[in-house]
Amino acid sequence: MSARADILARLRGAVAGSDRVTRQAAAEARLLAAARGPQPVLPPDGRLRFQQRAVAQACTVDAVAGWASVPAAVASYLETHDLGTVAVATPDLAAIDWASAGLRVACRGAVDADQVGISGCFCAIAETGTLLLLSGPQTPATVSLLPETHVTLVDSRRIVATMEDAFALLRAEHGQLPRAVNFVSGPSRTGDIEQTIVLGAHGPCRVHLILIGETV
Amino acid sequence: MAGMRSQAMHFQARAGQKLADEVLQGALRRAQPLFTAKRQKGMASLAADGLDFGHLRAAAAAIRQAVLDDLDVWLELFEARAKARGAEVLWARDGAEVSQLVVDLARRHAVRTVTKSKSMLSEEAALNAALLAAGVRPVETDLGEYIVQLADEPPSHIIAPAVHKTIAQVDALFADAHGRPRQTRHSSDIPALAREAREILRPQFLAADMGISGANFLVAETGSAVLVTNEGNGRLVTTLPRLHVVITGIEKVVPTLEDVATLLRLLPRSATGQDISNYVSLLTGTKSADESDGPDQTVFILVDNGRAGLLGSEFEPMLRCIRCGACMNHCPVYFSLGGHAYGWVYPGPMGSVLTPLLTGLDQALDLPWASTGCNQCGEVCPVDIPLPALMRGLRERQQHQQLRPRGERWARRVWGWLALRPRLYRWLTRGLVRYLHWLADGQGRIRIFGLVPGWTAGRDLPVGPGRSFHELYAARKRD
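Protein chains in written order, with this note's numbering: chain A, 22 to 237; chain B, 4 to 482.
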């Protein structure tokens with residue numbers, strides 16, 4: 022008997038309840054219902070809440086009025102932190118005029134040598150100050166992962182309240198999940214030595230957010 | 004049993020050693036208040052968002068219980084959807100089968116090095132030893148796991164594997180393994196040690212052919228694995244190598260993404276007090292032809308290793324466990340001894356229940372007794388597992404299966420016989436408490452109790468006022 026058949030047989034012997042067809046139909050109905058659990062009561066200003074929580078997660082946050090101001094904002098952040106003028110960005114950001122702010126930006130997946138990675142995000146979550154990044158040909162996951170500094174562009178209109186809202190948006194716009202959906206909340210960290218939190222474990226050491234769009 | 008050899012039979016002997024280990028005791032003393040304060044902070048942030056812990060944990064427990072009620076169906080749903088997205092799904096009855104499957108995969112794909120994100124199931128299977136024996140080098144990449152791998156020790160905590168190590172010990176291990184000039188010694192130098200591990204491990208991440216991870220949850224709706232980490236090693240292990248292997252227990256399925264969201268409001272808060280961990284990755288299928296990163300192949304290994312035997316039994320609630328570590332973080336026994344005393348993969352209250360159930364009742368005789376009965380673990384459990392009740396259940400089984408010493412069994416039977424005869428019981432206890440009171444010294448203590456001298460070897464027996472509970476109760480009612 023295969024391990025699969027063996028294990029499933031043991032499970033069937035142990036679970037009570039009605040016949041398999043009925044139980045399977047009930048399970049599939051549960052999937053379709055996609056019912057939410059207890060929901061948090063959040064302040065109405067999602068943008069403010071997002072910003073506060075992102076800062077609490079050790080992100081730095083800047084805000085600009087529109088996409089045209091993004092290159093200058095990135096250049097200014099890099100200059101302030103002495104991070105040079107070279108960066109790698111996800112290919113979906115290729116249309117941005119990086120050179121206008123004196124930046125040399127390559128739009129591709131990141132490699133180990135890259136020091137700064139720039140990406141957008143699918144949406145952002147106010148409840149926890151979290152970014153939601155999708156993998157894909159235009160949005161390789163390495164850009165937000167290998168460089169020590171990760172700069173994320175966040176469209177203010179794409180801030181949702183909760184993780185459930187983010188999933189709803191994902192289902193509506195993409196149907197099926199991409200290979201990787203990464204929820205990112207601040208720079209990587211570890212508490213594994215004497216329970217002392219250190220920023221910058223294996224992922225980025227700095228996460229800088231640029232909020233784009235009118236403040237409400 | 005294949006997989007990691009259990010040392011749980013040596014609990015008492017090990018407990019003595021651990022109590023005498025000054026360095027360990029110092030590390031544990033420092034860690035405990037940090038753990039409990041973190042969870043308190045997490046609970047406060049729940050309340051600030053208008054969420055009630057009791058309400059939320061009832062919802063979380065219901066999600067986990069619903070899956071257990073139809074575990075066969077949920078696993079098949081998960082399997083079908085994972086396969087539809089291009090993943091391979093394999094099954095393993097025990098640790099030996101896990102190791103065999105992974106070694107076979109490594110051979111088939113010409114794998115030389117493996118990077119691993121934390122997987123407790125790979126500890127159950129003793130996978131690292133099997134890989135080494137097959138000529139494949141496994142590298143643990145979670146900082147805590149990396150430290151215990153250098154020390155050639157098992158983890159001592161399920162979310163903080165190196166909690167028993169001091170900075171000086173970590174520094175010495177790094178000095179040995181990395182051969183770099185040393186500057187670190189103090190707590191303020193911990194960032195430098197973390198930096199060193201980052202620099203040493205980065206090339207390993209880039210070079211690995213296979214990445215092995217666990218999964219915090221498997222999502223039936225989407226056929227995905229959910230990975231919750233802080234360090235980013237989980238992302239690296241599942242993004243860079245050409246082959247990704249997920250090793251996880253069959254009980255880890257949850258139905259929907261909404262269920263994941265509910266559980267994630269509790270898991271990080273219970274574990275580290277964070278509102279959310281730095282990285283939550285939802286991994287589905289393999290990379291498409293036009294993508295530059297991600298594995299070419301994803302393989303799930305669904306492992307039983309004794310879990311099916313709990314289903315439908317009084318111990319089934321243990322399968323709801325989401326491995327947050329809150330029970331051990333609030334356990335006076337855990338923080339007296341550390342995790343290694345428990346002798347197998349899982350320490351603390353959840354380990355005291357799980358180890359006997361997965362490795363054999365007769366292989367871990369002391370563990371169900373490694374409890375003060377204070378129920379702190381039950382109070383903090385985010386999926387409402389009645390841990391002390393399960394430990395009592397295991398003690399009962401030991402009694403019924405004649406696994407306790409003869410004298411102890413007899414004493415319990417005599418007590419049981421008496422407890423069913425209230426008048427005799429009251430009459431005898433009246434006599435007994437008076438006798439004990441007479442034995443005690445001026446401070447109401449018995450220093451050495453002749454009947455069971457072992458019991459008073461490390462402590463005194465405190466004695467009451469010389470009147471039985473029933474007498475005192477009756478007197479109070481008269482007043």
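Virtual Cβ for every residue (Gly too), placed ideally from N, Cα, C.
- Task: Kindly list, in the order they appear in chain A, the residues whose Cβ is closer than 7 Å to that of K290 (chain B).
- Result: If you number the second sequence from 1, residue 290 (chain B) lands on position 287. The CB of K290 (chain B) comes closer than 7 Å to the CB of R200 in chain A, given here in chain order.
- Message: Taking the alpha helix (DSSP H) that Y349 (chain B) belongs to, which residues open and close that run?
- Response: Looking up residue 349 (chain B) in the second sequence gives position 346. That residue, Y349 (chain B), is in no alpha helix (DSSP H); it is neither H nor E in DSSP.
- Message: What would DSSP say about E148 (chain B), mapped onto helix, strand or coil?
- Response: In the second sequence, the residue the question calls residue 148 (chain B) occupies position 145. The three-state reading of DSSP puts E148 (chain B) in helix, counting H, G and I together.
- Query: Bridge partners of Q300 (chain B), per DSSP?
  - Reply: Here residue 300 (chain B) corresponds to residue number 297 of the second sequence, with the count starting at 1. In the DSSP output, where bridge partners are listed per residue, Q300 (chain B) has B:L246.
- Message: Classify Y149 (chain B): buried if its beta carbon has 16 or more other beta carbons within 10 angstroms, exposed otherwise.
- Response: In the second sequence, counting from the first residue as 1, residue 149 (chain B) sits at position 146. In summary, Y149 (chain B) is buried, with 16 or more beta-carbon neighbours lying within 10 Å of its beta-carbon over all protein chains present.
- Query: Taking Cβ positions, are A145 (chain A) and A182 (chain A) nearer each other than 7 Å?
  - Reply: Numbered from 1 along the first sequence, position 124 holds the residue referred to as residue 145 (chain A). Numbered from 1 along the first sequence, position 161 holds the residue referred to as residue 182 (chain A). No, these two residues do not count as a Cβ contact at 7 Å.
- Query: According to a CB-to-CB cut-off of less than 9 Å, which residues of the stretch 138 to 153 of chain B neighbour chain A?
  - Reply: Of all residues in the stretch 138 to 153 of chain B, only T144, D145, L146, G147, E148, Y149, I150 come within less than 9 Å of chain A when Cβ atoms are compared, listed by chain position.
- Is there a Cβ from chain B that is less than 7 Å from the Cβ of L45 (chain A)? Position 24 of the first sequence, counted from the first residue, corresponds to residue 45 (chain A). In the sequence as displayed, the identity of residue 45 (chain A) is Gln instead of Leu. Residue contact with chain B for Q45 (chain A): present (Cβ-Cβ distance below 7 Å to some residue of chain B).
- Message: Mapping the DSSP letters down to three states, classify S83 (chain A) as helix, strand or coil.
- Response: Counted from its first residue, the first sequence places residue 83 (chain A) at position 62. In the sequence as presented, Ser is not what sits at residue 83 (chain A); that position holds Asp. In this structure, D83 (chain A) counts as strand in the three-state DSSP scheme.
- Buried or exposed: T101 (chain A), going by 16 or more other Cβ atoms within 10 Å of its Cβ? By 1-based counting over the first sequence, the position of residue 101 (chain A) is 80. If you draw a 10 Å sphere on the C-beta of T101 (chain A), you find fewer than 16 other C-beta atoms in it, and that means exposed.
- What first and last residue would you give for the beta strand (DSSP E) that runs through R398 (chain B)? By one-based count along the second sequence, residue 398 (chain B) stands at place 395. No beta strand (DSSP E) contains R398 (chain B), which is instead part of the alpha helix (DSSP H) from 390 to 403.
- Message: Less than 6 Å between C-beta atoms, sequence neighbours within five positions excluded: which residues of the same chain meet that for M4 (chain B)?
- Response: Here residue 4 (chain B) refers to the residue found at position 1 when the second sequence is read from its first residue. At M4 (chain B), the pLDDT of 43 sits below 50, so the modelled position is not reliable and the matter cannot be decided from this model.
- Query: Of all Cβ atoms in chain A, is any one closer than 7 Å to the Cβ of P314 (chain B)?
  - Reply: What you label residue 314 (chain B) is simply residue 311 of the second sequence in a count that begins at 1. Per the sequence shown, residue 314 (chain B) should be read as Leu rather than Pro. At a cut-off of 7 Å between beta-carbon atoms, L314 (chain B) makes contact with chain A.
- Nearest neighbour of A85 (chain B), chosen from B:L286, B:Q172, B:R409 [CA to CA]: Counting from one through the second sequence, the residue named residue 85 (chain B) turns up at place 82. When each option's Cα is compared against that of A85 (chain B), the closest is B:L286.
- What runs of the alpha helix (DSSP H), each 4 residues or longer, lie entirely inside the stretch 257 to 344 of chain B? Complete alpha helix (DSSP H) runs here, min 4: 260 to 274, 329 to 332, 337 to 340.
- At least one CB of chain B closer than 7 Å to the CB of I214 (chain A): is that the case? Here residue 214 (chain A) refers to the residue found at position 193 of the first sequence. Closer than 7 Å to some Cβ of chain B, the Cβ of I214 (chain A) qualifies, so yes.
- Query: Hey, how far is the Cα of R470 (chain B) from the Cα of G354 (chain B)?
  - Reply: Position 467 of the second sequence holds residue 470 (chain B). Position 351 of the second sequence holds residue 354 (chain B). Each residue's alpha carbon lies about 39 Å from the other.
- Message: Would the stretch 55 to 75 of chain B count as touching the stretch 266 to 280 of chain B if we require 3 or more Cβ pairs under 8 Å?
- Response: In this structure the stretch 55 to 75 of chain B lies against the stretch 266 to 280 of chain B, because at least three pairs of beta carbons, one per stretch, are closer than 8 Å.
- Run of the alpha helix (DSSP H) containing H112 (chain B), from where it starts to where it stops: Against the second sequence, residue 112 (chain B) aligns to sequence position 109. H112 (chain B) -> no alpha helix (DSSP H), and no H or E assigned at all.
- Given a threshold of 16 other Cβ atoms within 10 Å of its Cβ, counted over all protein chains shown, does K255 (chain B) qualify as buried or as exposed? Taking the first residue of the second sequence as position 1, residue 255 (chain B) is located at position 252. So K255 (chain B) ends up on the buried side.
- Item | Per DSSP, cross-strand counterpart(s) of A110 (chain A) | The sequence position of residue 110 (chain A) within the first sequence is 89, counting from 1. Paired residue(s): A:C128, A:I139.
- Item | chain B contacts made by the stretch 45 to 70 of chain A, where a contact means CB separation under 7 Å | Listed by position, the residues of the stretch 45 to 70 of chain A near chain B (Cβ gap below 7 Å) are Q45, A48, R51, L52, A55, A56, R57, G58, P59, P61, V62, L63.
- Item | Inter-stretch contact (C-beta, 8 Å, three-pair minimum) for the stretch 297 to 314 of chain B and the stretch 87 to 104 of chain B | Counting Cβ pairs under 8 Å, three or more are found: they touch.
- Once you ignore the five residues that flank Y337 (chain B) on each side, which residues in its own chain have a CB closer than 7 Å to its CB? Counted from its first residue, the second sequence places residue 337 (chain B) at position 334. Excluding sequence neighbours, Y337 (chain B) sits near M331, P350, G351.
- Going along chain A in order, which residues have a C-beta closer than 8 Å to the C-beta of I451 (chain B)? For the purposes of this step, residue 451 (chain B) is taken as residue 448 along the second sequence, with counting starting at 1. For I451 (chain B), there are no neighbours in chain A by C-beta distance under 8 Å, as the nearest C-beta there is about 40 Å away.
- Item | Straight-line Cα distance separating S48 (chain B) from Q72 (chain A) | Counted from its first residue, the first sequence places residue 72 (chain A) at position 51. Counted from its first residue, the second sequence places residue 48 (chain B) at position 45. Their backbone Cα atoms lie some 16 Å apart in a straight line.
- Members of the stretch 80 to 100 of chain A that neighbour chain B once the beta carbon cut-off is set at 9 Å: If the cut-off is 9 Å between Cβ atoms, the stretch 80 to 100 of chain A has nothing near chain B.
- Cβ separation of A133 (chain B) and V106 (chain B), assumed to be a contact under 8 Å, to the nearest whole Å: Here the question's residue 133 (chain B) lines up with position 130 in the second sequence. Here the question's residue 106 (chain B) lines up with position 103 in the second sequence. About 6 Å; that satisfies the 8 Å criterion.
- Segment limits, alpha helix (DSSP H) that includes P184 (chain B): The sequence position of residue 184 (chain B) within the second sequence is 181, counting from 1. No alpha helix (DSSP H) holds P184 (chain B); DSSP gives it neither H nor E.
- Query: So which residues of chain B does V36 (chain A) contact, with C-beta pairs closer than 7 Å?
  - Reply: Taking the first residue of the first sequence as 1, we reach residue 36 (chain A) at position 15. The contacting residues are D72, D73, L74, D75, L314, G315.
- Query: Sorted by chain position, which residues of the same chain lie with C-beta nearer than 6 Å to S125 (chain B)'s C-beta, five sequence neighbours on each side aside?
  - Reply: Within the second sequence, numbered from 1, the residue matching residue 125 (chain B) stands at position 122. In its chain, beyond the 5 residues on either side, I250 have a beta carbon closer than 6 Å to the beta carbon of S125 (chain B).
- Fully enclosed by the stretch 28 to 97 of chain B, which alpha helix (DSSP H) runs are 4 residues long or longer? With a minimum length of 4 residues, the continuous alpha helix (DSSP H) runs that stay inside the stretch 28 to 97 of chain B are 56 to 72, 74 to 87.
- Candidates B:P258, B:G89, B:S339: closest to D24 (chain B) by CA position: For the purposes of this step, residue 24 (chain B) is identified with residue 21 of the second sequence, where counting begins at 1. For the residues B:P258, B:G89, B:S339, the minimum Cα distance to D24 (chain B) belongs to B:S339.
- Note down the Cα distance separating T358 (chain B) from L370 (chain B), rounded to an integer number of angstroms. Start at 1 with the first residue of the second sequence, and residue 358 (chain B) comes out as number 355. Start at 1 with the first residue of the second sequence, and residue 370 (chain B) comes out as number 367. So the alpha carbons of these two residues sit roughly 8 Å apart.
- Task: Please state if the CB of V151 (chain B) and the CB of P141 (chain B) are separated by a distance shorter than 7 Å.
- Result: Taking the second sequence and counting its residues from 1, one reaches residue 141 (chain B) at position 138. Taking the second sequence and counting its residues from 1, one reaches residue 151 (chain B) at position 148. Cβ atoms of P141 (chain B) and V151 (chain B): not closer than 7 Å.
- Give the range of the beta strand (DSSP E) segment to which C144 (chain A) is assigned. Sequence index remark: in the first sequence, residue 144 (chain A) carries index 123 (1-based). Where C144 (chain A) is concerned, the enclosing beta strand (DSSP E) stretches over 144 to 146.
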